[in-house]
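Undergrad: In the working numbering, the protein residues as written are 644 to 1442. Ideal placement from N, C-alpha and C gives every residue a C-beta, glycine not left out.
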Amino acid sequence: MFVRLLKGLIAFVLFAILFAAVGLLGLYSYLEPQLPDIASLKDVRYQVPMSIFSRDGKLMAQYGEAKRYPVAIADVPEAMKQAFLAAEDDRFFNHPGVDYQGLLRAVYTFASTGEKRQGGSTITMQVARNFFLTSEKTLARKIKEILLAIKIESTLPKEQILELYLNKIYFGHHAYGIAAAGQIYYGKEIRDLTLAEIAMIAGLPKAPSRYNPIVDAPRALERRNYVLQRMGKLGFISPEQFREALAQPNTARLHTRAIELSAPYVAEMARNEMVQRYGEDAYVNGYQVHTTIDSRLQLEAEKSLRKSLRRYDMHRGYRSSKQRIDLKKAKTDADWEEALRKIPSGGETVPGVVISLKDRSATVYVAGTGLTEVDFDQSGWTRNPREGLKPGSIVRLSVKDGGAWVLAQVPEVEGAIVALDPKDGALIALVGGYDFALSSFNRATQSQRQPGSGFKPIVYATAMENGYTPASVVVDGPIAVKDESQSGGVWRPKNSGGKFMGPVRLRVALAKSRNLVSVRLMKDVGTDKVLEMANRFGFTSDELPRGLSLALGSGHASPLRMAQAYAPFANGGFRVDPYVIARIETPDGETIFEAKPPRACPECPLDAEPAEPVAPRILSPQVHYMMNSMLQDVIRTGTAKKALQLRRKDLGGKTGTTNRSRDVWFNGYSPALVTVCWMGFDSFKSLGKQTGGDLALPMWIDFMKTALADVPEESFQQPEGLTATRIDPKSGMLAGKGQDAGVMELFPSDKVPKKRAVPKPAKRKPKPGEGGEFSEFGGSSRAPSRGGGGSSRSIESLF
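1. Relative to the C-alpha of E887, which residue among E840, Q919, Y926 is closest?
2. Just to confirm the assignment, what range does the beta strand (DSSP E) spanning N1271 have?
3. Here's the rule I'm using: 16 or more other beta-carbon atoms within 10 Å means buried, otherwise exposed. How should L904 be labelled?
4. Using 10 angstroms around the beta-carbon of S694, count the other beta-carbons present and answer buried if the total reaches 16, otherwise exposed.
5. Which term fits F1417, buried or exposed, when burial requires 16 or more other beta carbons within 10 angstroms of its beta carbon?
6. Give a yes or no on whether the C-beta atoms belonging to R1260 and F1217 are separated by under 7 Å.
7. Give a yes or no on contact between the segment 1075-1085 and the segment 1327-1341, applying the rule of three or more CB pairs nearer than 8 Å.
8. Is the segment 1085-1093 touching the segment 1262-1273, taking contact as three or more C-beta pairs under 8 Å?
9. Let me know if F1455 comes out buried or exposed under the rule of 16 or more other beta-carbons within 10 Å of its beta-carbon.
10. When you compare only the Cα positions, how much space is there between S1156 and P1188?
11. Give the straight-line distance between the Cα atoms of P1341 and K1285, rounded to the nearest whole angstrom.
12. With 16 other CB atoms within 10 Å as the buried threshold, where does K1332 fall?
13. Can you check the segment 1295-1350 for any beta strand (DSSP E) of at least 3 residues that lies completely inside it and give the ranges in chain order?
14. Compare the C-alpha of T1368 against each of E802, A1352, E1237, K1394 and name the closest.
15. Give me the residue from E1175, T1280, V1056, P1121 with the minimum Cα distance to V1151.
16. Counting only the same chain and skipping the five closest in sequence on each side, list residues whose C-beta sits under 7 Å from that of S1089.
17. Going by DSSP, name the residue or residues bridged to K1292.
18. For E731, which residues from the same chain have a beta carbon less than 7 Å from its beta carbon, with the 5 sequence-adjacent residues on both sides left out?
19. Starting from F696 and walking both ways along the beta strand (DSSP E), at which residues does that stretch end?
20. Spatial neighbours of A818 within its chain, please: C-beta separation below 8 Å, excluding the five flanking residues on both sides.
21. What separation, rounded to the nearest whole angstrom, lies between the Cα atoms of L1365 and S1392?
22. Out of P1054, T1112, Y908, D699, state which residue places its alpha-carbon closest to the alpha-carbon of I1370.
23. Using beta-carbon positions only, say whether G1097 and N1310 come within less than 7 Å of one another.
24. Our contact map puts A1243 next to Y1222 with C-beta atoms below 8 Å; I'd like the distance itself, whole angstroms only.
25. Is it right to say H816 is buried, meaning 16 or more other beta carbons lie within 10 angstroms of its own, or is it exposed?
26. In whole angstroms, what is the alpha-carbon distance linking D699 and Y961?
27. Ignoring anything shorter than 3 residues, give me the beta strand (DSSP E) runs that lie fully in the segment 995-1051, in order along the chain.
28. Could you check which residue in Q1052, F814, A944 has the C-alpha nearest to that of M1347?
29. Quick one: residues in its chain with C-beta nearer than 8 Å to the C-beta of P1034, no 5 flanking neighbours on either side, listed in chain order?
30. Just the Cα atoms here: how many angstroms apart are G1323 and S947?
31. Could you check where the alpha helix (DSSP H) with R953 kicks off and where it finishes?
32. Whether or not the segment 1165-1181 and the segment 1137-1150 are in contact is what I'm after, with contact meaning three or more pairs of Cβ atoms, one per stretch, closer than 8 Å; do they touch?
33. For A925, collect the residues of the same chain with a Cβ closer than 8 Å to its Cβ; drop the 5 residues on either side in sequence, then sort them by chain order.
34. My output table needs one value for P1100: the three-state DSSP class, helix, strand or coil.
35. Which residue wins for smallest C-alpha separation from V1116, given the options S938, G1131, Q803, K1373?
36. Could you check which residue in M1144, I968, L952, W1024 has the C-alpha nearest to that of V1056?
This is the structure we're talking about:
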C-alpha cells in the first residue's frame, strides 16, 4: 500500500513537473516572438544631454532632461562595483541572469501577504526592464523580464551587462548613471568619490526619492549604512574601512555642471538650430556643439550693452518703486528675506527692502546679505530718488566699484549687439537684450526695427555702380514726393535739424547723413536697382518697402541682418552669411559636422578658379573701395567722430536714427570685425531727442576698444581703374590752377572730370570734415560718373 502510494506520488510529481515544463515551454513559445531584439544592447546609445561650447571650449549651456555621462566598465572603481553588487545582486557573477533563490522569496512573500512587491530582481533583470520594459508590477511583465534576462546572459558577458546597468540606472534629480550621480550629488568624478559617498550612491536605485540624501538625509544615511554593512559582510571592505565610512556625515548637495560662459541668447540660437537639424534627438544624443563665439568678446559685448542701457536709464531718472511690504507685519530679517525670496534677481541687481529713510540715504535690507546703508549721492541718478521711496519699498541694488551698495533698477530701454567676422560670417559675440532671465526675446535676431540712415550706404553703393562718384554733387534742398499714405497725398522728407546744405558732394552728404540727398539719389537710379542691391546684401523682399522712403531706412531689419549688410564693406565687397555653429561632435569625439563657409577673398583673381569656396562678390573692387572710403569719412568727419578716440585709421560705419528716435543704431566695422549696436524700446516709444551717435555709438566704442586692442590695422589696396586727383570741394570739378583749397578725391579712371573749377580767393584751407577730403590712409575711392564732377541737381518736386 505504502509503495503504491509512493509510486503514485512520484508519478504525480513527475507529471506535474512535465506539465509545468510543457506549460513553461508553451508560455515561452507564446511570449518569445513578443520579446524585443536584444542585439541593440551590443551598441547602446545612451540619452546624453546636448552641450553648447564657445569656440575656446567654455561650456555655455546644456539641454536635455536626462543628465548622463557614460563610463566604460574598465574605468569604474572596484569599490563602486562591489557597492552595487552588495546593494542589488551579490550573486550576480554566479547566476544565469535569474536568481532563483530571490524569486522563490518573492513568490513566498506574494503568497503569504498578497502584496505584489518588487523582489528577486537581479542586475540583469533590471537591465532588461530599463532598456526594454515598463516598470509596471504585473505577472506578465515579470515573466518577460525573466525571459529577457536569460537571453541577455546568453548573449553578453557579465562585465558588459554590469556596464549597461551602471550607466542606465536612475539616481534621482535627473541623474542617470553613476557618473551623473557623482556629479549631481557630490560634484566629483567617480574616481574621486569616497567609500561613504559610493555607498550612498549605490543605495539610491532601490528608491531614488525615498533614499535621496538631499530630500531625506536620515533615511538616506540609514540606507547608506546598510550598503556598507553588506559590503563588510561580503568581505569587500575591512572592519576598519567600514567603521571609518560609517562615521562620515552626509555631505551630498545638489551640484549642477558649472556654466563657464553665460551667453543664453547665443545658446538658445544654437539649441534651436540643433533641433532643426536633428529633431528631438538633439537632446539625447550627447552632441558637443562648438560655436564660433569668443568668450572674452562675448563678456565684453554684454558689459558694453548693459553699461549703455543703464547710462541712458539713469539720465531719465529713478522710477518710483511700486512694490511694498508692510513693515508693521514684517519686522524681522526672516520676514524680509521671505518677502524678497519671491522677487528674482536680474541684470546684476538684487532685491532689497527699504527699512528707514534719511534725506540723502536709506537703510536697506539686501536679500542674502543683510542691512546696509545706501548713499543716494553715490548712485548717480539725475535727481534724488528719495521722493519715490517709503519704508517698506522694494528696491533693486547693485555693487559699485569699491564695494558700496547703490540704488539701481532694471532699464526699460532695450538693446542688442552683434559682432561677426566679415571674412566668413562667423558670429563672434551676440547679446539680444539686457537680461535673458527677464526677457528671452532675442532682439539681435528676432526684432524687426527700422534701420534708418543705416540703410543709406545701400543707396549710395547703387549710385556708385550706376555712374555716380564720391565727388558727384546733388542738391540738399526741399523736395516733395507724391505719396497717397501721407496727409494731402504728398511726402516732404526733412533733414535732421531741418536745415539744408544746398549743392553737396556725395562724400560729404553721406558723412553728414543728409536725408534729402539720399531720396534724390534713389529717385534717380531707380527703386528697382536699390531693391536689387539690397537683396545682394542679404535683405529679403519682405523687409523692404518699394517707396522712396526706403532711402531713409523705412524698411525693417534685425541687428544681425545689419551686421551681414555691413560685412561686404569690411571684407572687400563679398556677401557672407552669418553662422554660429562651427562644429558638432558625438560624445566619442567624432566630428559629424564642420562649417566650411565661403570666405571673402579680395586678393583672389577674378578669372581664376579658387582652391576653397569663395563668397560671392556683390560689389566690384572699385565700388567697394569708394564706399569704404566714404564710410570711413563718417568717422573722420561726420556723425560718428566720437569714434576717433579709438585712434585707428581702418574704421568705417554709419549712424542710424529713425523717426521720433524710436531706434538708434551704429553699424561699424574694421576689416577684422563688423559690430552693430542698437537701442530702443520694445514698445516703440521715442527715446527722446537722441541719435545713433548719442546712444549706440558709445556702446560700439566701448566694445571695439577691447575687441580691437591687439588687432593690427588693415587697409585695402587701391584697385586698378581708380584715380585720385585734386578737386574743387564745392563743385566736384578739377581744382583750378593754383587753387589752395582743393581736396583729393577718387574717380574711376574714365570718370575723371575734364573741367576745372574757376578758383575763388580762399581765406583758408578747409578743415578736416569741411571739404570731405579723401584720405589715402583708409578706404575706398571711386570717381563720379553720372552727376559727378559738378553736375548739380536741384529738383524741387519729384512727381
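TA: Straight from the coordinates:
1. The residue labelled residue 887 in the question sits at position 244 within the sequence shown. Checking every option, the nearest Cα to that of E887 belongs to E840.
2. Position 628 of the sequence shown holds residue 1271. Per DSSP, N1271 belongs to no beta strand (DSSP E); it is in the alpha helix (DSSP H), 1264-1279.
3. Residue numbering aside, residue 904 sits at position 261 when the sequence shown is read from its first letter. Buried: at least 16 other Cβ atoms inside 10 Å.
4. For the purposes of this step, residue 694 is identified with residue 51 of the sequence shown, where counting begins at 1. With at least 16 other beta carbons inside 10 angstroms of its own, S694 counts as buried.
5. Here the question's residue 1417 lines up with position 774 in the sequence shown. Interpretation of F1417 is limited by its pLDDT of 48, a score under 50 that renders its predicted location unreliable; the figure taken from the coordinates is listed afterwards. Its Cβ being crowded by 16 or more others within 10 Å, F1417 is buried.
6. Working through the sequence shown from its first residue, we reach residue 1260 at position 617. Working through the sequence shown from its first residue, we reach residue 1217 at position 574. Closer than 7 Å, so yes.
7. Judged by Cβ distances under 8 Å, the segment 1075-1085 makes no contact with the segment 1327-1341, as fewer than three pairs qualify.
8. No, the segment 1085-1093 is not in contact with the segment 1262-1273.
9. Past the edges of the chain, shown from 644 to 1442, lies residue 1455, and the structure says nothing about it.
10. Numbered from its first residue, the sequence shown carries residue 1156 at position 513. Numbered from its first residue, the sequence shown carries residue 1188 at position 545. So the alpha carbons of these two residues sit roughly 20 Å apart.
11. Here residue 1341 refers to the residue found at position 698 of the sequence shown. Here residue 1285 refers to the residue found at position 642 of the sequence shown. Rounded to whole angstroms, P1341 to K1285 spans 8 Å at the Cα level.
12. Translated into the one-based positions of the sequence shown, residue 1332 becomes position 689. With fewer than 16 other Cβ atoms within 10 Å, it is exposed.
13. 1295-1300, 1306-1313, 1316-1323
14. Numbered from 1 along the sequence shown, position 725 holds the residue referred to as residue 1368. The candidate whose alpha carbon is nearest that of T1368 is K1394.
15. Counting from one through the sequence shown, the residue named residue 1151 turns up at place 508. Closest option to V1151, Cα to Cα, is T1280.
16. The sequence position of residue 1089 within the sequence shown is 446, counting from 1. The sequence shown places Gln at residue 1089, not Ser. Here the set comprises S1201.
17. The residue given as residue 1292 occupies position 649 in the sequence shown. None, per the DSSP bridge assignment.
18. Position 88 of the sequence shown, counting from 1, holds the residue named residue 731. Here the set comprises I766, P848.
19. Taking the first residue of the sequence shown as position 1, residue 696 is located at position 53. That run of the beta strand (DSSP E) goes 693-696.
20. The sequence position of residue 818 within the sequence shown is 175, counting from 1. K710, R711, A824, Q826, I827, Y828.
21. Numbered from 1 along the sequence shown, position 722 holds the residue referred to as residue 1365. Numbered from 1 along the sequence shown, position 749 holds the residue referred to as residue 1392. About 5 Å.
22. In the sequence shown, the residue the question calls residue 1370 occupies position 727. Here the closest residue by C-alpha is T1112.
23. By 1-based counting over the sequence shown, the position of residue 1097 is 454. By 1-based counting over the sequence shown, the position of residue 1310 is 667. In contact: G1097 and N1310 (Cβ atoms closer than 7 Å).
24. Translated into positions along the sequence shown, residue 1243 becomes position 600. Translated into positions along the sequence shown, residue 1222 becomes position 579. No, A1243 and Y1222 are not in contact; Cβ-Cβ is about 14 Å, not under 8 Å.
25. Start at 1 with the first residue of the sequence shown, and residue 816 comes out as number 173. With 16 or more Cβ atoms within 10 Å of its Cβ, H816 is classed as buried.
26. The count along the sequence shown starts at 1 and reaches residue 699 at position 56. The count along the sequence shown starts at 1 and reaches residue 961 at position 318. In a straight line, the C-alpha of D699 is about 40 Å away from that of Y961.
27. 1004-1009, 1013-1018, 1037-1042, 1048-1051
28. Position 704 of the sequence shown holds residue 1347. Answer by Cα proximity: A944.
29. Stepping through the sequence shown from its first residue, residue 1034 is reached at position 391. Closer than 8 Å at Cβ, skipping near neighbours: L970, V997, I998, S999, L1000.
30. Counting from 1 along the sequence shown, the entry for residue 1323 is found at position 680. Counting from 1 along the sequence shown, the entry for residue 947 is found at position 304. About 15 Å.
31. Taking the first residue of the sequence shown as 1, we reach residue 953 at position 310. Segment 938-958, the alpha helix (DSSP H) holding R953.
32. Judged by Cβ distances under 8 Å, the segment 1137-1150 makes no contact with the segment 1165-1181, as fewer than three pairs qualify.
33. In the sequence shown, the residue the question calls residue 925 occupies position 282. Taken in chain order, the residues that qualify are M693, Y706, R914, M917, V918.
34. Counting from 1 along the sequence shown, the entry for residue 1100 is found at position 457. P1100 falls in the helix class under three-state DSSP.
35. Here residue 1116 is taken as the residue at index 473 of the sequence shown, counted from 1. The shortest Cα separation from V1116 among S938, G1131, Q803, K1373 belongs to K1373.
36. Counted from its first residue, the sequence shown places residue 1056 at position 413. Ranking the options by Cα distance to V1056, first place goes to L952.
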